[in-house]
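Those letters in the sequence shown? Residues 0 to 176, by my numbering.
Ideal placement from N, C-alpha and C gives every residue a C-beta, glycine not left out.
The structure presented is a predicted model; accordingly, all values stated were derived computationally and were not measured.
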Amino acid sequence: MVRTSHALRSEDRVWLVDPFDDGPALREAGSLGTPAGVFQLLDRHNRDCEAIAARLGVPLLHLPDRAPGTPFEAVEVLSRPGWHEVALWWERERALIVAEAVGTAPPFALGRRAGVHPMLRLTPPRAQFAPYRPSMLLVGHGATIEADAATALDDALAHARSDIPRLVTSLPQLMRR
């Protein structure tokens with residue numbers, strides 16, 4: 000499955016979101032400004048967050064319930080056994096950063112611009128995302144949506160359940176990827 004990490008720059012500071020240790024990508028992120036912190040937004044996205052934060056000498060913000068000293072608001076998406084997830088809302092940029100609950104990779108999107116994680120389709124996080132109208136949607140699996148992201152997010156949440164049959168019929172094709 001497509002994995003995506005993000006480097007978010009505000010003024011001269013850069014926060015890494017769910018990074019994995021990829022030398023060229025980390026060098027590029029470092030060229031954007033002074034590293035300020037590493038966010039781990041999903042309990043299972045350990046990837047290389049702790050090691051990268053230690054190497055950079057910055058704090059690891061593991062499933063934060065708030066994000067003081069940053070331009071981000073922490074948004075609790077889900078907290079249940081086996082799945083703890085926080086998203087980030089960057090109000091100035093009108094950007095929503097979601098680790099797992101919503102993605103644009105084929106197993107999520109199913110032909111739409113974005114879709115809900117297959118395991119959350121029966122109980123999509125509608126209430127959690129309702130207050131936010133993003134211009135940009137950055138996800139942990141798939142490409143960023145840079146235009147009209149609010150419509151794509153609304154569409155993903157509205158069709159989470161009704162797309163379950165499409166998900167089931169797509170499984171053989173998705174498994175071959």
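Which word fits residue i, buried or exposed, when buried means at least 16 other C-beta atoms lie within 10 angstroms of its C-beta?
i	result
Gln39	buried
Thr103	buried
Ala73	buried
Leu121	exposed
Glu84	buried
Pro123	buried
Ala146	exposed
For residue i and residue j, what's the separation of their Cα atoms in angstroms?
i	j	result
Arg111	Arg54	38 angstroms
Ala86	Ser78	12 angstroms
Gln172	Leu109	11 angstroms
Pro126	Phe107	A small fix is needed here, since residue 126 is Ala in this sequence, not Pro. Each residue's alpha carbon lies about 19 angstroms from the other.
Ala50	Pro58	11 angstroms
Trp82	Val76	10 angstroms
Arg65	Trp88	11 angstroms
Would residue i and residue j qualify as a contact pair, given that the criterion is a beta-carbon distance under 8 angstroms?
i	j	result
His116	Thr3	no
Leu7	Val16	yes
Ala94	Pro133	yes
Pro18	Val1	no
Ser9	Pro67	no
Ala113	Leu152	yes
Asp47	Thr33	no
Looking at the unbroken alpha helix (DSSP H) that takes in residue i, where does it start and where does it end?
i	result
Phe107	Pro105 to Ala108
Arg54	Cys48 to Leu55
Please list the terminal residues of the continuous beta strand (DSSP E) segment that includes residue i.
i	result
Phe71	First-last for Phe71: undefined, no H or E at that position.
Glu84	Trp82 to Trp89
Thr150	No beta strand (DSSP E) holds Thr150; the alpha helix (DSSP H) holding it covers Ala148 to Ala157.
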